[in-house]
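Chemist: First the structure, which I've put down as structure tokens, then a few questions once you've had a look.
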Amino acid sequence: MALLSVQGVSAAFGGFKVLDNVDVTLNEGALVGMIGTNGAGKSTLFSAITGYIPLHSGSVSFRGEDVSRLPIHKRVQRGLARTFQVPREFSELTVFDNMMAAAPGQAGEYLAALVFARSRVRREEDEVGQRARELLRFLNLERVADERAGRLSGGQKKLLELGRLLMLKPAAILLDEPFAGVNPVLIEELSERIVELNRQGMAVLVIEHNLEELSRIVPEMYAMDRGQVIAHGTPDEVLESEKVREAYMGGVI
Ligand SMILES: Nc1ncnc2c1ncn2[C@@H]1O[C@H](COP(=O)(O)OP(=O)(O)OP(=O)(O)O)[C@@H](O)[C@H]1O
Ligand SMILES: [Mg+2]
2 MALLSVQGVS AAFGGFKVLD NVDVTLNEGA LVGMIGTNGA GKSTLFSAIT GYIPLHSGSV
62 SFRGEDVSRL PIHKRVQRGL ARTFQVPREF SELTVFDNMM AAAPGQAGEY LAALVFARSR
122 VRREEDEVGQ RARELLRFLN LERVADERAG RLSGGQKKLL ELGRLLMLKP AAILLDEPFA
182 GVNPVLIEEL SERIVELNRQ GMAVLVIEHN LEELSRIVPE MYAMDRGQVI AHGTPDEVLE
242 SEKVREAYMG GVI
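Taking this note's numbering, the leading residue of the sequence shown gets 2, the next gets one more, and so forth.
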């Protein structure tokens, strides 16, 4: 059954159309890849799905409800969450505090608590703190929990970005280039975490330029070019499709 359904979505920046009648379906429990040349509109599609930009036409439904006009936080409340191509951590805060600040309804409260130096022990005892600890363990970030996030490596920042997303207890996650700028060892680790989350029932839509790694983990894939979906199927079907080959010819993958 469709968890997320994008139907006939178009969107524009200024007068420039960047999404043109896009249809994408993410079924419950699915793990789906999204590829496409630079500027194809992949990140913009995530922005349209999660409410960062308005739709020109079409609709986005999540769990059978039309969420097209809901603000970002209402979509998050319903379980729809994304990461960004460039991680958006609070670099001055510790890794643990970044996780805490990401929890729903926590940001203001938690950041204020930090300012007023509420005892750390108490924070870690509560349910949200435990969840943050568990996720840091799951992501193998436990040993850097007290480091400032700004000091993490590129790959660790991506893991933290995933952790912050998971604090929202989402039903579906949209990952924008999780492997970009990440060393091969951490790519492997990120990959495993993504597959594991999916095994636990989370639906995942993942944009990636690393076609080799992506093809290894997803059974289904979409390809976009110039604002349109140009192929959909298994990784082999998509990568072998004529339109995809043409789009990538001379383009930057
Ligand atoms: N905030 C913005 N204002 C104006 N134009 C934008 C904005 N964001 C993206 N664009 C344009 O929209 C088009 C699609 O960009 P988008 O970032 O969605 O591509 P992408 O497929 O994610 O590419 P990449 O693989 O390089 O990340 C591009 O032409 C881009 O220049
Ligand atoms: Mg992008």
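By construction, the Cβ of each residue, glycine as well, lies at the ideal position given by its N, Cα and C atoms. None of these values were measured; they are calculated from a predicted model.
S58 lies in the beta strand (DSSP E); which residues open and close that run?
Modeler: Here the question's residue 58 lines up with position 57 in the sequence shown. Segment S58 to F63, the beta strand (DSSP E) holding S58.
Chemist: Just how far apart, CA to CA, sit D24 and V7?
Modeler: Translated into the one-based positions of the sequence shown, residue 24 becomes position 23. Translated into the one-based positions of the sequence shown, residue 7 becomes position 6. Rounded to the nearest angstrom, the two C-alpha atoms are 5 Å apart.
Chemist: Measure from the alpha carbon of P88 to the alpha carbon of each residue in D237, V239, G202 and G155, then state which is nearest.
Modeler: The residue given as residue 88 occupies position 87 in the sequence shown. The candidate whose alpha carbon is nearest that of P88 is G155.
Chemist: When the distance is taken between beta carbons, is I54 closer than 8 Å to A12?
Modeler: For the purposes of this step, residue 12 is identified with residue 11 of the sequence shown, where counting begins at 1. For the purposes of this step, residue 54 is identified with residue 53 of the sequence shown, where counting begins at 1. It is a contact, given that the beta carbons lie within the stated cut-off.
Chemist: Touching or not, the segment 73 to 84 and the segment 216 to 226, by the rule of three or more beta carbon pairs under 8 Å?
Modeler: No, because fewer than three Cβ pairs between the segment 73 to 84 and the segment 216 to 226 fall closer than 8 Å, the two stretches do not touch.
Chemist: Below 8 Å, can you find three or more Cβ-Cβ pairs linking the segment 17 to 36 to the segment 68 to 79?
Modeler: Verdict: no, contact absent.
Chemist: For Y53, which residues does DSSP report across the bridge?
Modeler: The residue you call residue 53 lines up with position 52 of the sequence shown. Looking at the DSSP assignment, Y53 forms no beta bridge with any residue, so it has no partner.
Chemist: Tell me which residues share the same chain as N99 and place their Cβ nearer than 7 Å to its Cβ, disregarding the 5 neighbours each side in the sequence.
Modeler: For this step, residue 99 is matched to residue 98 along the sequence shown. Excluding sequence neighbours, N99 sits near E90, F91, A150, L161 and R165.
Chemist: Just confirm the distance between the C-beta atoms of G228 and G42, as a whole number of angstroms; I'd bet it's less than 8 Å.
Modeler: Along the sequence shown, read from residue 1 onward, the residue named residue 228 stands at position 227. Along the sequence shown, read from residue 1 onward, the residue named residue 42 stands at position 41. Between G42 and G228 the Cβ distance is about 4 Å, and since that is below 8 Å, they are a contact.
Chemist: Would you mind sorting V253 into buried or exposed? The rule is 16 or more other CB atoms within 10 Å of its CB.
Modeler: As a first step, residue 253 must be located in the sequence shown, where it is residue number 252. Note that V253 scores a pLDDT of 49, beneath 50, so its modelled location is shaky; the value from the coordinates is reported in the next line. The residue in question, V253, is exposed, as its Cβ has fewer than 16 Cβ neighbours within 10 Å.
Chemist: Where V10 and E241 are concerned, what is the direct C-alpha to C-alpha distance, given to the nearest angstrom?
Modeler: As a working note, residue 10 is residue 9 in the sequence shown. As a working note, residue 241 is residue 240 in the sequence shown. Those two C-alpha atoms are separated by around 26 Å.
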